[in-house]
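Here the numbering used here is used: the first residue of the sequence shown is 703, the next is one more, and so on. For glycine and all other residues, C-beta sits at the position ideal for the given N, C-alpha and C. A short worksheet on the structure shown next.
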Amino acid sequence: MNWTQRQLKMFVTTAALGHVTRASEALHISQPALTRALKEFEAQLGAVLFERTTRRLALTHEGRQLLPLAQRLLRDMDTALDTLRGPSGQVHGSVTLAVGTAFGCTVLPRAVERLMRTHPGLRLRVLDDNSAGITARVQRSEADLGIGTPVGDTSALTCERLLSAPIGLLGQAGRFGLRRSASHADLARLPLLKEPADTSIVHTLSLHGSDLVALMAGGVEVSNLALQLSMAQAGVGVAVLSALGASHPQASGLTFVPLRPRVAREVFLMHRRDQPPSPAARALAQALRECLRTVSGLHPGVSIHTAG
């Protein structure tokens, strides 16, 4: 079956925007022409890709299955064309990275600066997500690479450990009496901020059978690191996070107390085993490794494990 780049682009754009009118404007074609082309594509496939309502388009089961494949094919086509056009020694093409906020705000900017300086023609797309979402995005081929703690089904993934960071408490030391270590009684009296159930912190604590998961249950639930740090800075409560999260610039002035016994969050670089990384993905991975070998400013508890 011969799929054209034009068909794939129309399908992916319409799926992303959820509306034929907006998609036709983005693609610079008329709405009737796009509607006709999508129906022809569905007829060619022998499957309905969109459920049409009066307000928007939603992907059918078949459409959801096709979307990551179509996205990957378009990226591969762009990479092939850019490689042919690009000057010798420089990597072109596009790469999508799914990453968590802690790594994304501490290590990643320096790695991206290095990458874009070396390969200015490369196109990078960065998606922020928690570890469960990152793992799923790489699994579904929505992202070429993922950086996070593998959560859920990782049978199809290759995972390269980048660093480990102890989990602990972060907050105002004077207000909450944070010391070098905390007993169970100390933890029980603290107003702990609650982590969502699908985060790497809860995943790691649960694997270690930590009481902290239960102790967090009654606290204010926050969905991301920036909100956690803002709440901790305001004295709303004490955040439960890793030393990598405590390295965020927004954590300045707060005290980090590692758990005893030690529980560490491990961060990995992930990609699908059955899809060899493109030249652009390999260039990004190499920039990350080089940056980690020389990175500064991280909490001293963070241990770098990358090699090569």
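Residue i vs residue j beta-carbon contact at 9 angstroms
i: Leu-829; j: Glu-815; result: no
i: Val-853; j: Val-997; result: no
i: Val-924; j: Leu-895; result: yes
i: Leu-946; j: Leu-1000; result: yes
i: Ala-875; j: Leu-956; result: yes
i: Thr-856; j: Ser-902; result: no
i: Phe-805; j: Val-969; result: yes
i: Leu-971; j: Ile-849; result: yes
i: Gly-939; j: Leu-892; result: yes
i: Leu-931; j: Ala-953; result: yes
i: Val-714; j: Leu-769; result: yes
i: Gly-802; j: Leu-927; result: yes
i: Lys-741; j: Leu-729; result: no
i: Gly-1003; j: Pro-960; result: yes
i: Ala-739; j: Arg-708; result: yes
Limits of the alpha helix (DSSP H) - the one that residue i falls within
i: Glu-923; result: Segment: none, Glu-923 is in no alpha helix (DSSP H) and carries neither H nor E.
i: Thr-723; result: 722-729
Per-residue DSSP class, three states only, for residue i
i: Thr-851; result: coil
i: Ser-998; result: coil
i: Arg-842; result: coil
i: Lys-711; result: helix
i: Asp-913; result: coil
i: Leu-986; result: helix
i: Leu-810; result: helix
i: Ala-800; result: strand
i: Ser-1005; result: strand
i: Glu-764; result: helix
i: Val-793; result: coil
i: Arg-938; result: With the sequence shown as reference, residue 938 is identified as Val, and Arg is not the correct amino acid for it. Of the three classes helix, strand and coil, the one that applies to Val-938 here is coil, per DSSP.
Range of the contiguous beta strand (DSSP E) that encloses residue i
i: Pro-868; result: 859-873
i: Thr-737; result: No beta strand (DSSP E) holds Thr-737; the alpha helix (DSSP H) holding it covers 733-747.
i: Asp-830; result: 825-830
i: Glu-897; result: Segment: none, Glu-897 is in no beta strand (DSSP E) and carries neither H nor E.
i: Arg-881; result: No beta strand (DSSP E) holds Arg-881; DSSP gives it neither H nor E.
i: Arg-1048; result: Residue 1048 is absent from the structure shown; the chain starts at 703 and stops at 1010.
Closest by C-alpha distance to residue i, when choosing among the options
i: Ser-1005; options: Leu-826, Asp-831, Ala-966; result: Ala-966
i: Ala-800; options: Leu-826, Ala-735, Leu-736, His-794; result: Leu-826
i: Leu-747; options: Ala-953, Gln-767, Arg-819, Gly-870; result: Gln-767
i: Ala-982; options: Ala-772, Leu-740, Leu-824, Ala-936; result: Leu-824
i: Arg-821; options: His-1007, Ala-985, Leu-994, Arg-995; result: In the sequence on display, residue 821 carries His and not Arg. Of the listed residues, the one whose Cα sits closest to His-821 is Ala-985.
i: Glu-897; options: Gln-952, Gly-920, Leu-736; result: Gly-920
i: Met-918; options: Leu-729, Val-904, His-910, Ser-732; result: Val-904
i: Cys-993; options: Leu-865, Thr-762, Phe-958; result: Leu-865
i: Leu-990; options: Leu-847, Leu-776, Ser-833; result: Leu-847
Beta carbon proximity, residue i to chain D, threshold 9 angstroms
i: Ala-934; result: Going by chain labels, chain D is absent from the structure shown, which holds only one protein chain.
* To do: Taking only runs that begin and end inside the segment 942-983, name each unbroken beta strand (DSSP E) of 3 or more residues, in chain order.
  => You should have 957-960, 966-974.
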